[in-house]
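Numbering of the sequence shown is given in the working numbering, commencing with residue 9 and proceeding in unit increments.
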Amino acid sequence: MEINENMEEGVNVLFVATFVSVLIFSVVAAAIAAHVVTALAGALSVLIGSVGRWCNFLGSVMRKSRLEIKIESLLQTANFALGQEDALKLAMDEIKRKLGEFMEIIEKLGQQADKCSHDIRMARAVIFAADVGHSSTSTIGEGPWELQQ
Numbered sequence: 009m010e011i012n013e014n015m016e017e018g019v020n021v022l023f024v025a026t027f028v029s030v031l032i033f034s035v036v037a038a039a040i041a042a043h044v045v046t047a048l049a050g051a052l053s054v055l056i057g058s059v060g061r062w063c064n065f066l067g068s069v070m071r072k073s074r075l076e077i078k079i080e081s082l083l084q085t086a087n088f089a090l091g092q093e094d095a096l097k098l099a100m101d102e103i104k105r106k107l108g109e110f111m112e113i114i115e116k117l118g119q120q121a122d123k124c125s126h127d128i129r130m131a132r133a134v135i136f137a138a139d140v141g142h143s144s145t146s147t148i149g150e151g152p153w154e155l156q157q
């Protein structure tokens with residue numbers, strides 16, 4: 009963007025320098041030269057005006073073209089974002105579905121953990137009751153985990 013603005017400024021500087029040169033040339037030619045040189049300088053002065061309008065036209069075309077490119081880029085970005093919104097909604101729905109399945113599995117695992125915990129408590133109670141029953145009749149430990157003498 010800056011390069012194009014600098015180029016436009018350069019063209020305008022060149023145009024002004026050319027216009028001033030032709031103006032000086034016509035004044036000098038009118039003072040010392042023949043009528044042909046004066047006529048040539050006058051014709052160049054008319055052409056300079058046309059060149060100036062042409063330079064302004066090119067500058068406006070370039071600005072318009074840059075704006076069109078920016079607008080097109082913004083539209084493409086917006087269209088891409090809208091397309092991504094649909095894809096994002098589908099992905100979110102898939103995640104919600106998988107999360108529901110995951111939560112069901114977690115619920116089942118929680119129930120299974122509760123059952124295992126209950127079974128472990130029951131097994132401890134049975135072992136404790138068996139150990140208490142044996143210890144009342146014998147002073148030597150005869151549990152399955154103890155070594156026999």
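Quick reminder that beta carbons are idealized off the backbone N, C-alpha and C, glycines included.
Here the structure is a predicted model, which is why all the values come from computation and not from measurement.
How long is the line joining the alpha carbons of Ala133 and Glu102, rounded to whole angstroms? Reading the sequence shown from its first residue, position 125 is the one you call residue 133. Reading the sequence shown from its first residue, position 94 is the one you call residue 102. For Ala133 and Glu102, the distance between alpha carbons rounds to 46 Å.
If you draw a straight line from the alpha carbon of Gly91 to that of Leu66, how long is it in whole angstroms? Here residue 91 corresponds to residue number 83 of the sequence shown, with the count starting at 1. Here residue 66 corresponds to residue number 58 of the sequence shown, with the count starting at 1. When rounded, the distance between both Cα atoms is 37 Å.
My assumption, with CB atoms under 8 Å, is that Cys63 sits in contact with Val19. Please give the rounded CB distance. By one-based count along the sequence shown, residue 63 stands at place 55. By one-based count along the sequence shown, residue 19 stands at place 11. Between Cys63 and Val19 the beta-carbon gap is near 5 Å, inside 8 Å, which marks them as a contact.
Whole angstroms is fine: what's the gap from Glu109's alpha carbon to Glu115's? Translated into the one-based positions of the sequence shown, residue 109 becomes position 101. Translated into the one-based positions of the sequence shown, residue 115 becomes position 107. If I take the Cα positions, the gap works out to 10 Å.
Three-way DSSP call (helix, strand, coil) for Gln157 in this model: Taking the sequence shown and counting its residues from 1, one reaches residue 157 at position 149. Unreliable positioning characterises Gln157 in this predicted model, as indicated by a pLDDT of 47, which lies under 50. A coordinate reading is not provided.
Cβ of Cys124 within 7 Å of any heavy atom in the ligand COA? Annotation note on the ligand COA: not contained in the displayed structure, which lists no ligands.
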